[in-house]
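Trainee: For the sequence shown, position 157 (counting from the first letter as 1) is numbered 157 according to UniProt numbering, and the numbering increases by one without interruption. Virtual Cβ for every residue (Gly too), placed ideally from N, Cα, C. Computed from a prediction, not measured in an experiment: that's the story for all the values here.
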Amino acid sequence: MPVLTSGQQERKSKQRKIRNSEYYDMEGTFDRLYAESKKDKTFNHLMEIIESEENIKLAYRTIKKNTGSDTSGVDKRTIADLAKLSEEEYVRLIRKQFSNYHPRPVRRVEIPKPNGKTRPLGIPTIVDRIVQQCILQVMEPICEAKFSENSNGFRPNRSAETAIAQCMRLIQVQHLYHVVDLDIKGFFDNISHTKLIRQIWALGIRDKKLLCIIKEMLKAPVVLPNGEKTYPTRGTPQGGLCGSPHNPPYAKRVIMPSQWQNTA
Numbered sequence: 001m002p003v004l005t006s007g008q009q010e011r012k013s014k015q016r017k018i019r020n021s022e023y024y025d026m027e028g029t030f031d032r033l034y035a036e037s038k039k040d041k042t043f044n045h046l047m048e049i050i051e052s053e054e055n056i057k058l059a060y061r062t063i064k065k066n067t068g069s070d071t072s073g074v075d076k077r078t079i080a081d082l083a084k085l086s087e088e089e090y091v092r093l094i095r096k097q098f099s100n101y102h103p104r105p106v107r108r109v110e111i112p113k114p115n116g117k118t119r120p121l122g123i124p125t126i127v128d129r130i131v132q133q134c135i136l137q138v139m140e141p142i143c144e145a146k147f148s149e150n151s152n153g154f155r156p157n158r159s160a161e162t163a164i165a166q167c168m169r170l171i172q173v174q175h176l177y178h179v180v181d182l183d184i185k186g187f188f189d190n191i192s193h194t195k196l197i198r199q200i201w202a203l204g205i206r207d208k209k210l211l212c213i214i215k216e217m218l219k220a221p222v223v224l225p226n227g228e229k230t231y232p233t234r235g236t237p238q239g240g241l242c243g244s245p246h247n248p249p250y251a252k253r254v255i256m257p258s259q260w261q262n263t264a
C-alpha cells in the first residue's frame, strides 16, 4: 500500500467529510449557513441543527473514521464501546448530553516534538468528542464565511498546496520575496475565554445555549499525567473543539481579526 504524504492525507480526509455530509443530507444545511453568514446574518437557533439526528450521525461517523477514535479519555472508553450501541441508542445518548452539558475532565498527555521538547495534548472522552464534533460541523460553515482568504491551515478545501499557490502569486504579481516564520508562544494556553466568546458572538453566533455549552467546554477540568486535576481559567486544550490536529483551530482563527489579511 503506498504511503500518503501529509498533504494527500489531509485531502483524503476532507473528501471523506464531504462524502459523509452528502450521505447524511447535511450538505445543503451547511451551504445555507455559509451563505447566510456571508450576508452577516445572526444565528440564534443553532442548537436545533446541532441536536438533529442527521448531524449527530454525521459527527459519530466522522469521529469513528478518525485514527484518534481508538484513544480513550479519562473514562477509558473508545469508539469501540459506542459501536456496541444501535444508531437510536447513541443518538439518544448524545442528545442527552446537550440537555445539561457538563464535560468530563480532559486527559492531558505530553507529545514529543522534533526538537526534543514536548507539547501538551488534551484528550476528551469519546462522548465529549462527538458532542464537540456536532458543534464543529455547524460552526464551521458560519466561521468559514468570515475567515481570511489568506489563511489555509486546517480548513476545508485548503492545504499546503493552496498556501504555496498564494505565495507564488505574491512573488509573481506583487514581487514580494521575503517569508517570516513565526509562532505565538503559548497561544492555546493563554486564550482569554471571555474574549473568545465575545469574538464568537461578533461572528453572528448568538445561540445562548450553544455559547453556554462552549463555556463549559473551555472550563472542563484537566487531568495531568501525574493524576493532578486542574481547573483552567484561560486557554484551550489542544485536541478539543477550539484547537486540534485534525480540526480547524477555531480559537486562533476567531481571535485573529480578518482585517489583518490586507496588512503587509
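(1) With burial defined as no fewer than 16 other Cβ atoms inside 10 Å of the residue's Cβ, what is the status of C212: buried or exposed?
(2) How about C167 and A59: are their beta carbons less than 9 Å apart?
(3) Which residue comes first and which comes last in the alpha helix (DSSP H) that contains I171?
(4) Please name the residue or residues paired with E110 in a DSSP beta bridge.
(5) Run through DSSP, which three-state label would V138 get?
(6) May I ask you to report which of helix, strand or coil DSSP gives G243?
(7) Is it the case that the Cβ atoms of I94 and V138 are separated by a distance below 9 Å?
(8) Classify I205 as helix, strand or coil using the three-state DSSP reduction.
(9) Expressed to the nearest angstrom, what Euclidean distance is found between the alpha-carbon atoms of E216 and T236?
(10) Rounded to a whole number of angstroms, what is the C-alpha to C-alpha distance between R206 and F43?
(11) Pull up the distance between the alpha-carbon of N226 and that of E88, whole angstroms please.
(12) On the DSSP bridge assignment, give the partners of F43 in chain order.
(13) With a Cβ-Cβ cutoff of 9 Å, do V74 and T118 count as a contact?
(14) Under a three-way DSSP split, which group does T230 fall into?
(15) Apply the 10 Å Cβ neighbour rule to N55 and answer buried if 16 or more other Cβ atoms are within range, or exposed otherwise.
(16) Taking the alpha-carbon of V222 as reference, which of K208, T194, D189 has the nearest alpha-carbon?
(17) Whether or not the segment 172 to 189 and the segment 97 to 105 are in contact is what I'm after, with contact meaning three or more pairs of Cβ atoms, one per stretch, closer than 8 Å; do they touch?
(18) Could you tell me the distance, in whole angstroms, from the CA atom of P144 to the CA atom of Y34?
(19) According to DSSP, V222 sits in a beta bridge with which residue or residues?
Mentor: Working from what's here:
(1) exposed
(2) Taking the C-beta atoms as reference points, A59 is found no nearer than 9 Å to C167.
(3) 160 to 173
(4) P120
(5) Reduced to three states, the DSSP call for V138 is helix.
(6) Because the pLDDT of G243 is 47, which lies under 50, any placement of that residue in the model is unreliable, and the question is left without a value.
(7) no
(8) strand
(9) Our two residues, E216 and T236, have alpha carbons roughly 11 Å apart in a direct line.
(10) Those two C-alpha atoms are separated by around 5 Å.
(11) 38 Å
(12) DSSP links F43 through a beta bridge to I205.
(13) No; because the gap between Cβ atoms is not below 9 Å, this pair is not in contact.
(14) strand
(15) buried
(16) D189
(17) no
(18) With the sequence shown as reference, residue 144 is identified as Glu, and Pro is not the correct amino acid for it. Going by the C-alpha atoms only, they are around 7 Å apart.
(19) V106, T230
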